[in-house]
Ligand code: NDP
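In the working numbering, the protein residues as written are 5 to 245.
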């Protein structure tokens, strides 16, 4: 409560839900986005309508200069940054043999270099006793065909989480959550009904997660209640794996 929170990729999907929920709980939000300006503004409007505080800041997380500017603008506006939620991400689904070099670069630039860039900024600029939450994915454990690049990128995020939690110091906790299939564009795009149903049957609740299922866990991890949890990857997947 009452923390300044950067949520990367908060124009849509899980990031938007996190931004709205944390704002409801009294946090001040920086809604980061790369391309979806209209959607990012809608997130800010929704938060303000509900009595919260938010600003939208454009920055491609894979671009170091833009990430530096994201942190600087956030600090200019709110005076500090207490919580970083590395939610921005993309998924390129193809059998490994069909992935192009461009696919590899794009997948790793956004999911891995994007997280690396914001962690470097956080090292110098996040408040003492701050909190960092990275978004991994349950696909790291599921090892599904066509997920080689995506799950490799998230495995890298998990390892940076574990190592960085021991490096950053200043009372800052660093964790990752690994959601299972969640009802957003990233998950639904290009998937058949049949494949979606097959995945749904693999969790213990027989339904797709909603972004709110994930945001509620982030709310706990972004609060001081969870301060003694650090360096962990927490599965948020209804017993899927
Ligand atoms: P969506 O595709 O719905 O939303 C992705 C968000 O990330 C958008 O706000 C988008 O902004 C932003 N984004 C993409 N690229 C960049 C970039 N280069 N710089 C800044 N922002 C960017 O995805 P989800 O909400 O489903 O996913 C959120 C996170 O959760 C991701 O890291 C994903 O890997 C992870 N996850 C998702 C699961 C799922 O089933 N949905 C399961 C497990 C993990 P813009 O529109 O402006 O480009």
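Backbone N, C-alpha and C define an ideal beta-carbon position, used for all residues, glycine too.
Helix, strand or coil, according to DSSP, for residue i in the structure here?
i	result
residue 233	coil
residue 107	helix
residue 245	coil
residue 30	coil
residue 139	strand
residue 148	coil
residue 96	coil
residue 17	helix
residue 115	helix
For the candidate residues the options, whose alpha-carbon lies nearest to that of residue i?
i	options	result
residue 186	75, 119 and 217	217
residue 183	172, 51, 38 and 220	220
residue 168	9, 142, 204 and 126	126
residue 238	176, 172, 143 and 153	143
residue 152	51, 199, 62 and 101	101
Kindly give me the distance between the Cβ atoms of residue i and residue j, rounded to whole angstroms, as I take these residues to be in contact under 8 Å.
i	j	result
residue 166	residue 235	5 Å
Contact the region 161-172 vs the region 103-110: 3+ CB pairs below 8 Å = no
Do the region 87-99 and the region 11-29 meet, that is, are 3 or more Cβ pairs less than 8 Å apart?
-> yes
Of all the beta strand (DSSP E) runs that stay within the bounds of the region 153-216, which reach a length of 3 or more residues?
-> 177-183
Along the chain, which unbroken stretches of the beta strand (DSSP E) at least 3 residues long are found entirely within the region 29-91?
-> 32-37, 57-62 and 85-90
Are there three or more Cβ pairs, one per stretch, closer than 8 Å when the region 228-244 is compared with the region 16-32?
-> no
When the Cβ atoms of the region 188-200 are set against those of the region 119-135, are three or more pairs found closer than 8 Å?
-> no
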